[in-house]
Amino acid sequence: MSVTVVTPSDLAAAKAALQANIDAANKTIAAIQSAQATDETNISSVLGQLKTLTGQITALQQQVAALTPSPAPAPAPSPAPAPAPTPAPTPAPDPTPAPAPAPAPAPSPQPAGTLPAGVTLKDPDGGANYWAKFTGPTFPTSPSFFPIGVWYEGTSTADQVSFDSATGLNTYMRLITDSRLDLIKAGGMFACLHPDDLSMPNRGTETTSYMTEDEPDMIPGWWGAPTAQQMTDEQNRVAGLPKDGRPVYVNVGLGILSCDDGDADAQKYVRLHDFISADQYFYTEDTYEMCRTIGQGTNRLTDEQARRGRNYGIVVERMRAFAGYTKPVWGFVEAGAPSSTTAIEITPAQVRAAIWHCIIGGARGILFFNHSFSGSFQTQHVLRDAHYAPIRAQVQAETAIIRQIAPALNGPDAVGLVTASTGVKAAAKWNGGAPVVIAGNTDHTARTGAFTLAGSWSSVTVVGENRTIPVTGGTFTDSFPAETTIHIYQVNP
1 MSVTVVTPSD LAAAKAALQA NIDAANKTIA AIQSAQATDE TNISSVLGQL KTLTGQITAL
61 QQQVAALTPS PAPAPAPSPA PAPAPTPAPT PAPDPTPAPA PAPAPAPSPQ PAGTLPAGVT
121 LKDPDGGANY WAKFTGPTFP TSPSFFPIGV WYEGTSTADQ VSFDSATGLN TYMRLITDSR
181 LDLIKAGGMF ACLHPDDLSM PNRGTETTSY MTEDEPDMIP GWWGAPTAQQ MTDEQNRVAG
241 LPKDGRPVYV NVGLGILSCD DGDADAQKYV RLHDFISADQ YFYTEDTYEM CRTIGQGTNR
301 LTDEQARRGR NYGIVVERMR AFAGYTKPVW GFVEAGAPSS TTAIEITPAQ VRAAIWHCII
361 GGARGILFFN HSFSGSFQTQ HVLRDAHYAP IRAQVQAETA IIRQIAPALN GPDAVGLVTA
421 STGVKAAAKW NGGAPVVIAG NTDHTARTGA FTLAGSWSSV TVVGENRTIP VTGGTFTDSF
481 PAETTIHIYQ VNP
């Protein structure tokens, strides 16, 4: 059988001829479309040429197809070879481990300033700008100012004022006789004047308020709701103060604190004033009088029940309720050994716990009782005397933190932001979307506290402790090894 060999040049020549005829046909079509042939005879002639070219194109297409080589047929399969002997099995290689699953994506951070679902904001008692409503000189309205007072101290020299300011104090609550208001003003400090202080010269913007009396609810008497006479006496004290637009303060004691929750007379009494406090020194005083002050009936508290920082917060909470949550309540903390019967001195760790439990309980100011009537060193100037240098150092440390987070403390509570496990008391401040959580142990049991945060947060920084704790699935834990343990957390998006 003969085989026609088609060279590449044959195929190229046929394709070139085909393309030339196609080009000629296209030109003919273009001539018709552009009406270059203007009469019927010319059009017929052109159509004839087109018919001839079309025939030539068809013939050339067939020729090109015939010249194009067909693909080679697939080779026939070769017969299968005889099976080779099965070799001895070799150990199977270890399986390739499956790739590790991709880590779950981290939760989206809480959008800045966005309130998490289920969280509501509640203004501090009296409102964030409470002091602005008074027409006379009073406390600064700046969010960075948090009142920190000392009870019944003297200011006869500029050095004394400077020393107290360095301790972290900013307010004198009642003054010793030889005190000078001009030195308080020059030192950037403030004063709340007792009626005995009203004769002091140079009263000005340093004087932020007036007080009626210390523990007037116990004049006369000791326990129970104020009598009609006590109510009248206190109304007269308020009326006797200068009417110059400054707020009026009172510190109450066992009379009001021994009242049942919701007592109408106790409510009426404290609401005669613009801001209030109550003193009960759980770490140092005899326990016999403490049960009713925290609403625990008449059974005497054990030392374990009494010596708790949490009790200072309960006093603040009860006073807030008596005041109808309409005005600031300040917390009162002893700095030395105020009891003449027990001679117990407060420790630095207890000072820290009492301060922050007051704030957890809603205190809008802190006061220090500055006198030791017993103990290892009796003095009327605890925060100045070298014997109590460790107490002063602790007060300095805590007041520095208070100043650092004052805008948060003066702002709204973030209700529902944090839930703490049993045995830990916590409060959350919104702080414009950069929340602060304050937490403390409530008794003498060492425990691990567990916290659940609403919203999406990455971690908490423990203020003053140089450590950060991750928040996983909305929760974190921390250690509370002692009754006095306090942690302050900056919550991070």
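In the numbering used here, the protein residues as written are 1 to 493.
We put the CB at the ideal spot given by N, CA and C, even for glycine.
Item, Value
"Neighbour flag for Gln350 against chain C, beta carbons, 8 Å", "In the structure shown, chain C cannot be found, because there is only a single protein chain."
"Anticipated Cβ contact below 8 Å, Pro124 with Asn431, distance rounded", "With a Cβ gap of about 12 Å, Pro124 and Asn431 do not count as contacting."
"Where Ile486 falls, given that 16 or more other Cβ within 10 Å makes a residue buried", "buried"
"For Lys133 and His387, the rounded distance between their alpha carbons", "42 Å"
"For Asn466, the three-state DSSP class (helix, strand or coil)", "coil"
"Identity of the residue in Gly224, Asp244, Ile219 and Pro242 nearest Thr232 by Cα", "Ile219"
"Glu206 - DSSP class collapsed to helix/strand/coil", "coil"
"Candidates Tyr283, Asp263, Trp223 and Ala406: closest to Leu254 by CA position", "Trp223"
"Ala335 vs Ser374 beta-carbon contact at 8 Å", "no"
"Test item: CB-CB of Ser156 and Asp178 under 8 Å", "yes"
"8 Å CB neighbourhood of Ala393 in its chain, flanking five on each side removed", "Pro348"
"Beta-carbon separation (whole angstroms), Ile256 vs Ala278, contact threshold 8 Å", "6 Å"
"Cβ-based neighbour list, Ser70, same chain, cut-off 7 Å, excluding 5 preceding and 5 following", "Residue placement at Ser70 is flagged as unreliable, the pLDDT there being 44, under the threshold of 50; the coordinate-derived value follows with that caveat. None."
"Environment of Asn466 [buried if 16+ CB atoms lie within 10 Å]", "exposed"
"Those residues which DSSP pairs with Tyr489 across a bridge", "Val437 and Val462"
"For Ala427, the first and last residue of its enclosing beta strand (DSSP E)", "Val424 to Lys429"
"For Lys122, the three-state DSSP class (helix, strand or coil)", "strand"
"Ile148 (DSSP reduced to helix, strand or coil)", "strand"
"Alpha helix (DSSP H) runs contained entirely in the region 232–288, provided each spans 4 or more residues", "254–257 and 264–270"
"For Ile172: DSSP bridge partner residues", "Residue identity check: residue 172 is Tyr in the sequence provided, not Ile. DSSP lists Val150 and Ala191 as partners of Tyr172."
"Buried versus exposed call for Lys425 [16 or more other C-beta atoms within 10 Å across all chains shown]", "buried"
"Pair within 8 Å by beta-carbon distance, Pro328 and Phe282", "no"
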